[in-house]
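Accompanying notes for the structure given below.
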Amino acid sequence: MIIAVFGSTGTTGRELITQALERGHHIRAFARTPGKLSDLRHEGLEIIPGELSDRESIVRTIINTDAVISLLGPRDNSRDRSLSNGMQFIVDAMTRAGNRRIVSISTASVRDDQDQFDMPYFLLVGIVKHAFNHAYGEIIAMSDIIRSSGLDWTLVRVGLLNNEQMKQIKVGYHGKRSIMIPIFRSIRTGFYGHHQVGIQVSRVSVAKFILDQITSKKYLRQAPAISD
Numbered sequence: 004m005i006i007a008v009f010g011s012t013g014t015t016g017r018e019l020i021t022q023a024l025e026r027g028h029h030i031r032a033f034a035r036t037p038g039k040l041s042d043l044r045h046e047g048l049e050i051i052p053g054e055l056s057d058r059e060s061i062v063r064t065i066i067n068t069d070a071v072i073s074l075l076g077p078r079d080n081s082r083d084r085s086l087s088n089g090m091q092f093i094v095d096a097m098t099r100a101g102n103r104r105i106v107s108i109s110t111a112s113v114r115d116d117q118d119q120f121d122m123p124y125f126l127l128v129g130i131v132k133h134a135f136n137h138a139y140g141e142i143i144a145m146s147d148i149i150r151s152s153g154l155d156w157t158l159v160r161v162g163l164l165n166n167e168q169m170k171q172i173k174v175g176y177h178g179k180r181s182i183m184i185p186i187f188r189s190i191r192t193g194f195y196g197h198h199q200v201g202i203q204v205s206r207v208s209v210a211k212f213i214l215d216q217i218t219s220k221k222y223l224r225q226a227p228a229i230s231d
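When the letters of the sequence shown are read in order and numbered with the numbering used here, they come out as residues 4 to 231.
As C-alpha cells, this is what we get:
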C-alpha cells in the first residue's frame, strides 16, 4: 500500500515508518524538516517537504495514496492553530483525492460513546485541560474535524507514551549459532471505564496498532484506547 504519513519526524513517526517499510508499504512522509528523516534511506520512502499551511504540498502528499496516517499532536501549549487548520486541509485533500481511510493518533482527552467513567483518566484529562488548555483545544478540534469528515476514520487514543522496545527471544539449535527474534508486546485495546486498558503504552505498540488498522474495519469510525 501507499500510505501518506503526517507527523512523520517525531519519535513515534520514525518508528511507524520503520515498521511500515518492513511490512513492504510505500511511505510518503510529509515533513517540515526533511533532514530529520535523512538516516531512514529506503527505496520505499518518499519525503515531501512542507508546512501544514501549504495546501499544495499536502495535496501532493495525499494524491494517489491508499490511506493516510496522522501522528500530529501539540508539542507545547501555544495558541497556534496550525494543527487543526492543517488537519482540515488534510481532510479536504483526501476528499478531493478520493482517499477515504485515515487513522490518527489521539489522546484520552477525546471521548468515545462507548466510554464509561474512569477516575484515573478523568483526573489525567482534567490536569491536561487546565494546565495545557490550548493544546487540549487543538486535540479536540482535530478529532472533531476527522469525525465530521465523512471519511473512514479511526482515532487511536493513547495515554502516556514510553520508549520501551520489543522483547527479543533467542532462537536456534544446539551446536549452531542462534538468532534474536523481536517479539511485539501484547497490546490491550478497548474503551475507558471498562477495565480494558491501562495508562502507559510504548511507541512501538502505537505504531504497530495504527498500521494494523489501515486494513482493518474493526474500529471503523470508533476511537479505541490502547495500552501495553
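Don't be surprised by glycine CBs; every beta carbon is placed ideally from N, CA and C.
With contacts defined by Cβ atoms closer than 9 Å, Gly196 and Asp121 form a contacting pair.
With the rule of 3 Cβ pairs closer than 8 Å, the region 54-62 counts as touching the region 92-101.
Ala32 is the residue among Phe92, Ala32, Arg44 whose C-alpha sits nearest the C-alpha of Thr68. DSSP places Gly129 in the uninterrupted alpha helix (DSSP H) bounded by 122-134. Secondary structure of Thr98 (DSSP, three-state): helix. With three or more CB-CB distances shorter than 8 Å, the region 220-229 counts as touching the region 109-119. The alpha-carbon separation between Val131 and Arg78 amounts to approximately 13 Å.
Residues of the same chain with a CB within less than 6 Å of the CB of Leu55, apart from the 5 flanking positions on each side, are Ser85, Gly89 in chain order. Under the DSSP assignment, Thr110 falls outside any alpha helix (DSSP H), being part of the beta strand (DSSP E) whose first and last residues are 104-110. At a Cβ-Cβ threshold of 9 Å, Ile51 and Ala34 count as neighbours. Counting only the Cα atoms, Phe187 lies some 21 Å from Ile72.
The beta-carbon separation of Arg114 and Phe92, rounded to 25 Å, does not stay under the 8 Å limit for a contact.
As computed with DSSP, Thr192 is found in a beta bridge with Ile229. Only residues of its own chain outside the window of five on either side were considered, and among them Phe135, His137, Ala138 have a CB closer than 6 Å to the CB of Asn80, listed in chain order. Collapsing the DSSP output to three states places Gln203 in a strand. Close CB contacts of Ser205 within its chain, under the 8 Å cut and outside five residues either way in sequence, are with Leu164, Asn165, Asn166, Glu167, Gln168, Arg188, Asp231 (chain order).
Here the alpha carbon of Gly53 sits roughly 35 Å from the alpha carbon of Gly193.
For Arg160, the uninterrupted beta strand (DSSP E) segment begins and ends at 155-161.
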